[in-house]
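Residue numbers (the numbering used here): 9 to 353. Quick notes on the structure that follows.
Below is the structure:
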């Protein structure tokens, strides 16, 4: 049990020597920058009425990018509605993630070979699917693992207990990754549970719990790598609690200023996950403003292209919305489809 938060990179961008590989950190930084630019773009699109709703994750980029870095293409990611960055860097395209927020079900169909379920909107329910996926891979002997991501609020759901209990009993290759951002909408973490940490709950289910600084991308990658190795070796699941913070509201329909003090938010701004990486790179002589502008431009171009692709897709016709319900439509669905088609003419 490791309940002291693991940290490699301090908020002021320092590490104990020897430091990590500069090239690896530059790659991670590029992913962090792109993740933040997407988050801000998606929030703006929602304000313009171009997305139905959106759950911003600014402040949690390191937790998401670091968590998926150790995964192989054969490994599964089972994530929530706030995990767009994690899904993107496990192969799920920005275009598809945008489509899900536009209410287009085609966004839930990842490209061939991308081992990721669609983003889950239900709170905690997807953890059970992650255990099932991992169990299936275990029975098949593929050596693949399943990483599932959720917030601190999801640990108050019965699904959390059921998933953890089953994973513990059957020693499934599952990594439970809790992004503890302090708030379940307007409910603070201190009112979610009486336990000192969320990670220690793993003890009751017979496996390891670890706490990590969720704003330290290097530490997150390290603890997830260790958990993935244990799962792959047949040593069962791990519960990781990543301490982080969402800078903005729960969704674009939420005003976090009604329940969070400004001083609290301000205190976390000094622990920005991108800034600590930038400072480290600058000390190594591996960052300058010209490079920053270049990676922002390239990332923005990819994001804008994804927006253009998503918005260019023709909407479903009245009849097509029934096609994916069942392999063979039931008589009531056929009648409803015919009525919808006639009404749309």
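Glycine included, each C-beta is placed from N, C-alpha and C at the ideal position.
- Residue 160 sits in a helix when the DSSP states are folded into three classes.
- Assignment of residue 16 by DSSP, reduced to helix, strand and coil, places it in the coil class.
- Sorting 49, 66, 45 by C-alpha distance to the C-alpha of residue 257 places 66 at the top.
- Burial of residue 213 is indicated by the presence of at least 16 other C-beta atoms within 10 angstroms of its C-beta.
- Residue 183 is bridged by DSSP to 155, 246.
- In the DSSP assignment, residue 211 forms no beta bridge with any residue.
- Unbroken alpha helix (DSSP H) stretches of 4 residues or longer found wholly inside the region 59-126: 69-76, 92-96, 102-109, given in chain order.
- In this structure, DSSP gives residue 51 a helical state, which the three-state scheme calls helix.
- The straight-line gap separating the alpha-carbon atoms of residue 51 and residue 57 is approximately 10 Å.
- The bridge partners DSSP lists for residue 340 come to none.
- Under the Cβ criterion (8 Å, minimum of three pairs), the region 63-82 counts as touching the region 217-235.
- Within the same chain, Cβ atoms closer than 8 Å to the Cβ of residue 238 are found at 216, 244, 246, the five residues on either side in sequence being excluded.
- Put simply, the region 203-211 does not touch the region 274-293. Fewer than three CB pairs are less than 8 Å apart.
- Residue 296 has no beta-bridge partner at all, per DSSP.
- Counting only unbroken stretches of 4 or more residues, the alpha helix (DSSP H) elements lying wholly within the region 236-280 are 270-277, in sequence order.
- DSSP places residue 333 outside both helix and strand once states are collapsed to three, so it counts as coil.
- Around the CB of residue 252, 16 or more other CB atoms lie within 10 Å, so the residue is classed as buried.
- DSSP, reduced to helix, strand and coil, places residue 203 outside both helices and strands of the structure shown, so it counts as coil.
- In the three-state reduction of the DSSP assignment, residue 173 falls in the helix class.
- Ranking 164, 174, 183 by CA distance to the CA of residue 198 puts 164 first.
- The beta-carbon distance between residue 348 and residue 327, rounded to whole angstroms, is 6 Å. This is short enough to meet the 8 Å contact definition.
- Judged by beta-carbon spacing, residue 260 lies within the 7 Å limit of residue 62, meaning their Cβ atoms are closer than that value.
- About 7 Å separates the beta carbon of residue 128 from that of residue 89, a gap short enough to meet the 8 Å contact definition.
- Our two residues, residue 311 and residue 102, have alpha carbons roughly 7 Å apart in a direct line.
- Around the beta carbon of residue 117, fewer than 16 other beta carbons lie within 10 angstroms, which makes this residue exposed.
- Spanning the alpha carbons of residue 86 and residue 232 requires a straight line of approximately 15 Å.
- Residues of the same chain with a CB within less than 6 Å of the CB of residue 82, apart from the 5 flanking positions on each side, are 152 in chain order.
- Rounded to the nearest angstrom, the gap between the Cα atoms of residue 175 and residue 166 is 14 Å.
- For residue 131, no beta strand (DSSP E) segment is defined, and its DSSP state is neither H nor E.
- In the displayed model, residue 57 falls within coil according to three-state DSSP, outside both helix and strand.
- Per the C-alpha coordinates, the member of 341, 308, 298 positioned closest to residue 42 is 308.
- For residue 219, the enclosing beta strand (DSSP E) stretches over residues 216-221.
- Contact between residue 250 and residue 187 holds: CB atoms are separated by about 5 Å, below the 8 Å threshold.
- Residue 124 sits buried, since 16 or more C-beta atoms from the chains shown fall within 10 Å of its C-beta.
- Inter-residue distance for residue 267 and residue 194 is about 6 Å (C-alpha atoms, whole angstroms).
- Between residue 295 and residue 284, the CB-CB gap reaches or exceeds 7 Å.
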